[in-house]
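See below for the structure under consideration.
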Amino acid sequence: MVNRFFALTLISILLLSCSKKQSFIQNPERLADIQHMLLVQKELTSKSLLPIWDIFNQPLSPEEKQALEFVYAYMPLSDLADYEPEFFLKNIQFSLKVRQEMAWGKSIPEEEFLHFVLPLRVNNENLDNFREVMYDEITTRIKGMDMKQAALEINHWCHEKVNYRGTDSRTSSPLSAVKKTFGRCGEESTFTVSAMRTAGIPARQVYTPRWAHSDDNHAWVEVWIDGKWNYLGACEPDVDLNMGWFSEPATRVMLVHTRAYGKYFGTGQVLTPEDRFSELNLTSNYAATKKITISVKKADGTPADSAKVEFQLYNYAEYYPIATGFTNAEGFASLNTGMGDLVIWAAKDGKFAYQKLSVPEKDTLQLVLNQSTPVNVGEVFDLVPPHNVKVESTVTPEAKKTNDIRLAKEDSIRNATMATFKDSVWITDFAAKTKLPADTIARFIKLSYGNWDQISAYLEKNAATFRSTVLELAIQLADKDYSDAPESILTDHLVQTAQSGVKKLVPSKELFTKYILSPRIALENLSPWRSFLAAKFSSEMVQSTRTDISVLTNWIRENIRINTVANKHSRAPLSPTGVYNLRVADPLSRDIFFVAACRTFGIPARLNPETQIPEYNKNGEWLRAGFDAEILTQPEKGMLKLNDKGNPVAPQYYLHYTIGFLKDGFYRTLEFPEGGKLTNTVKPLELEMGQYSLITGNRLEDGSVLSKMTFFTIEKGKLTTIPVELRKQSGELKPSGKLNFDALNLQKTSDGKVVGLSSLVAGKFSVLVMLDPDKEPSNHILNDLGPYIDHFNKWGGQFIFAMPTEKAGQAGVLKTYQLPAKMESGIDPDDQILNAISAIYGSGLKDKLPLVLFCDAAGNVYLFSSGYKIGMGEQLLKVISAIESNPKMVEAKVSCSKP
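The opening position of the sequence shown corresponds to residue 43 in the working numbering, with each subsequent residue numbered one higher.
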């Protein structure tokens, strides 16, 4: 029926297109798909309580109507549920306005405008009215410029507003990023794309889901300029397009992709064609690639059609699926990917198979689905990333100097904004005024940054009436919540909880504060769901649910339709209010709704921190909600004891090891706290009985990984003991070069005096770091030292942080990091140190900061690293451990205890 309608619609559109030459959208195939998807969306939302489609009944211009139809045809559930139609119409009007006002507006093809200018959504961010607020400021800034000049200028504008700082994975809205002046790369790129689209410049967030040579990932921006896509670092203005600190690391990627809103009819390589969006594979724009083909067969040798195939890359101690596909009728799935190693894992109907694939050596792989539980005890994989490709800078010293001057000015503009954030003096006065403890509220205010007015308003408004709970609620917030939560939302949760009287139902203070009072459930955007849900459910239902949780779960099953694909583009959970009103949700949003309803009813509830399964607490015991048939309400459990088997560093979760649970043929990582250290005194873990994997990895300095996968079973009531052993690198540590410390100087930040490196080193081992504190790669290095600070202090060697002369103004940034006690920072006068390093390791290193060198007292370099890298603190400890295990190399009587 749908196919017949699609065909009839296509014919009608073809006929109409001849007479509507001025149509905003010209592609007849696209016009037909829009009409088809509008029908799908209307059917999906047929039980909705929201007037979603009434917007089309009001007067609209032909362009507004077509643009609105395009946006709504492909809109994810989160946006249908939580934003007013007038909000999207207003933003569409600004997109059409800029198309008329900008000189390049009419030159932008339909494909680029529809996918990369018109849509408001970039990632999983909270949407806001950024375009309306910033339209005049941005368009005035670029008046009279051509398209390329405008793109470069907008990135300078972005740098004035926002700089890099690591945060959690919830993506702030663009205006929230401006308010706090910083964001992680995903937020910087979302913000920059929003700014470019506001100016009518097609822009998209480009993303490598995981690096191959280092832990972590990265996002940047591509802009369409005069018929060609170009890249730039978000909020990191450079001299020209197609420049950035990540240019060289990007030559080592296994995958780079972007998402296009709606069905894509362009010429790009579609990685994942979904009904509401298209994922495009851009890897070949940055790195050498090869098409690999996976043949999947059943145990009887016949092709396994519709088998799920994951292309997995080692990162953060797990085999992370950077891409997922399904086999065709002949049992084949393929991917264009970079030239490194992957683990290919396929499964269907509970049967699975896996194998390592070295892309440079092979382009085909055959897997036979013959395992429902692992045949082998485990596997050992040596995983090698793509080779580094040198990217030489073409920037003249004069151009770089001019740009650096601009960057310094932009820093000062942003710093002026930061100076308006409230300091300790203001906090002390505010504490006295509200009679709240200064030491407690200081954290709230400092983490609120530019949102201090909202957090202080919440505290001041409620302190007198709810003196104890006003702080208890605030303590439960995530750090990022302080920087963007409105007072009204926090007050809603506080007042509604207090007025409902549910506190007396929960004798445990911890259960009450964490699992009833707290508005934070997962990584959703905070919303005022508590008063809304309290008004929607009768007291009879609330009382019945407190006695029997199935009253609520049955209501959800009967009233909330589950759709697993319609929210995949945004991946932002619907608010509990949105779930109630839309009457359709993805599973995560359904689970968050359950927790929110329970908390509103006075029932402690949460998403299990390891499995994310919704749970409620009854008589002190956590029980599963059990929406899915295969999830037992109360699973049988056993115990797991992990032992540290003589590793040079104490293994940390998500850095050295992870635990996976076998489900539907794939091992899914349990979400234990990142960075949690394994010691032999750690209590056994209580796990659901079943099949598990232990993945370990030792990442070497060149980015390759010595990995091991161990399979084991958790049985009911039994203790399973598994050793955690990080594979060791063979071979002796040898110097790769030598610095002459006697000839090198540092101008100290503390007093401006120039001292020789030899006097700083003073006959001991040293770590020399050349850095640019304003750039993300240097930020990562500084962050990586913090977790090991006690061990560096025990070691007693000298840390030296040196900066180029033009970065002298950034020296104060070091004070915001936790750095070793025995350290000295300063300026590298006349690039003495940089030139000495370049003489050993090659030119162009100034564009590849940070540089990290581990040296002995004589200047022999035992570790050299340049550019972006995660985990440098651990790499340094490995070198220290290797040296201390070799008595011949120990020159000073200092020790570094195993962390």
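Cβ coordinates follow ideal geometry from the N, Cα and C atoms, glycine included.
How long is the line joining the alpha carbons of residue i and residue j, rounded to whole angstroms?
{"i": "ASN685", "j": "GLU264", "result": "46 Å"}
{"i": "LEU58", "j": "PRO428", "result": "Bear in mind that the predicted position of LEU58 carries a pLDDT of just 44, short of 50, making it too unreliable to give a figure here."}
{"i": "PRO291", "j": "GLU105", "result": "42 Å"}
{"i": "ILE150", "j": "GLY543", "result": "58 Å"}
{"i": "ASN636", "j": "GLY644", "result": "Reading off the sequence, residue 636 comes out as Phe, not Asn. The alpha-carbon atoms of PHE636 and GLY644 are separated by roughly 12 Å."}
{"i": "GLN135", "j": "ASP257", "result": "42 Å"}
{"i": "LYS790", "j": "SER560", "result": "47 Å"}
{"i": "MET845", "j": "MET812", "result": "6 Å"}
{"i": "ILE882", "j": "LYS890", "result": "15 Å"}
{"i": "PHE319", "j": "SER735", "result": "34 Å"}
{"i": "PRO629", "j": "TRP253", "result": "29 Å"}
{"i": "SER90", "j": "THR619", "result": "12 Å"}
{"i": "GLU128", "j": "SER120", "result": "16 Å"}
{"i": "THR762", "j": "GLN917", "result": "31 Å"}
{"i": "GLU195", "j": "ILE184", "result": "7 Å"}
{"i": "MET731", "j": "LEU665", "result": "16 Å"}
{"i": "PRO677", "j": "HIS299", "result": "39 Å"}
Using only CA atoms, which one of the options lies nearest to residue i?
{"i": "TYR696", "options": "LEU918, ALA371, TYR362", "result": "TYR362"}
{"i": "GLN771", "options": "ASN623, ALA881, VAL437, ALA924", "result": "ALA924"}
{"i": "TYR557", "options": "TRP494, ASP481, ARG641, LEU568", "result": "ARG641"}
{"i": "ILE701", "options": "PRO693, THR711, GLY707", "result": "THR711"}
{"i": "GLY662", "options": "LEU110, LYS551, PRO715", "result": "LYS551"}
{"i": "PHE714", "options": "GLU848, TYR358, PHE129", "result": "TYR358"}
{"i": "SER261", "options": "VAL295, GLY308, ALA346, GLU434", "result": "The residue you asked about is not Ser; residue 261 is Ala in the sequence shown. Comparing Cα-Cα distances from ALA261 to each of VAL295, GLY308, ALA346, GLU434, the minimum goes to VAL295."}
{"i": "LYS795", "options": "ILE869, GLY745, TYR859", "result": "ILE869"}
{"i": "THR331", "options": "VAL803, ASP280, PRO402, THR755", "result": "PRO402"}
{"i": "ASP670", "options": "ILE598, GLN541, LEU283, ASP793", "result": "ILE598"}
{"i": "ASN168", "options": "TYR622, ALA480, PRO646, ASN567", "result": "ASN567"}
{"i": "ALA638", "options": "LYS132, TRP571, GLY668, SER586", "result": "TRP571"}
{"i": "ILE922", "options": "LEU775, LEU283, LYS132", "result": "LEU775"}
{"i": "THR511", "options": "VAL537, GLY492, THR587", "result": "VAL537"}
{"i": "GLU716", "options": "TYR709, ARG769, ASP873, GLU652", "result": "GLU652"}
With residue i and residue j assumed to form a contact (beta carbons below 8 Å), what rounded beta-carbon distance in angstroms separates them?
{"i": "SER400", "j": "THR335", "result": "Incorrect: roughly 15 Å between the Cβ atoms, too far for contact."}
{"i": "TYR306", "j": "VAL312", "result": "6 Å"}
{"i": "GLU230", "j": "CYS277", "result": "4 Å"}
{"i": "GLY367", "j": "VAL351", "result": "5 Å"}
{"i": "GLY420", "j": "PHE753", "result": "6 Å"}
{"i": "THR209", "j": "GLY186", "result": "Going by Cβ atoms, the distance from THR209 to GLY186 rounds to 36 Å, so no, they are not a contact pair."}
{"i": "TYR125", "j": "GLN83", "result": "About 15 Å separates the two Cβ atoms, so there is no contact after all."}
{"i": "LEU515", "j": "LEU532", "result": "7 Å"}
{"i": "GLU818", "j": "TYR206", "result": "4 Å"}
Looking at the unbroken beta strand (DSSP E) that takes in residue i, where does it start and where does it end?
{"i": "ARG301", "result": "299–303"}
{"i": "LEU313", "result": "312–315"}
{"i": "ILE737", "result": "732–741"}
{"i": "THR344", "result": "Element bounds for THR344: n/a, residue is neither H nor E."}
{"i": "ASP686", "result": "679–686"}
{"i": "ARG183", "result": "No beta strand (DSSP E) contains ARG183, which is instead part of the alpha helix (DSSP H) from 172–183."}
{"i": "ASN272", "result": "270–274"}
{"i": "TRP266", "result": "260–267"}
{"i": "CYS897", "result": "893–897"}
{"i": "SER630", "result": "Per the sequence shown, residue 630 should be read as Leu rather than Ser. Careful: LEU630 lies outside any beta strand (DSSP E), inside the alpha helix (DSSP H) at 629–643."}
{"i": "MET751", "result": "747–756"}
{"i": "ASN835", "result": "Unbroken run through ASN835 is the alpha helix (DSSP H), 831–837; no beta strand (DSSP E)."}
At what residues does the alpha helix (DSSP H) containing residue i begin and finish?
{"i": "THR240", "result": "227–240"}
{"i": "PRO439", "result": "439–460"}
{"i": "TYR524", "result": "521–526"}
{"i": "PRO402", "result": "Run containing PRO402: none; DSSP gives neither H nor E here."}
{"i": "MET117", "result": "Unbroken run through MET117: none, as it is neither H nor E."}
{"i": "PHE129", "result": "127–143"}
{"i": "ALA516", "result": "511–517"}
The ligand NAP and residue i: does the residue's C-beta get closer than 8 Å to at least one heavy atom of that ligand?
{"i": "ILE447", "result": "Here there are no bound small molecules, and the ligand NAP is not part of this structure."}
Tell me, please, whether the CB atom of residue i is closer than 9 Å to any CB atom in chain B?
{"i": "GLU352", "result": "In the displayed structure, chain B is absent; only one protein chain is listed."}
Just checking, does the region 225–238 make contact with the region 192–201 on the three C-beta pairs under 8 Å criterion?
The answer is yes - the region 192–201 touches the region 225–238, with three or more Cβ pairs under 8 Å.
Check whether the region 422–436 and the region 377–396 touch, using three or more Cβ-Cβ pairs below 8 Å as the test.
In this structure the region 422–436 touches the region 377–396; the number of beta carbon pairs closer than 8 Å is three or more.
Inspect the CB distances between the region 720–734 and the region 686–693 and report whether three or more fall short of 8 Å.
Short answer: they touch.
Three Cβ pairs or more, each shorter than 8 Å: is that satisfied between the region 833–851 and the region 804–819?
Enough Cβ pairs lie closer than 8 Å, so yes.
Are at least three pairs of beta-carbons, each pair with one atom in the region 61–80 and one in the region 139–159, less than 8 Å apart?
Yes, the region 61–80 is in contact with the region 139–159.
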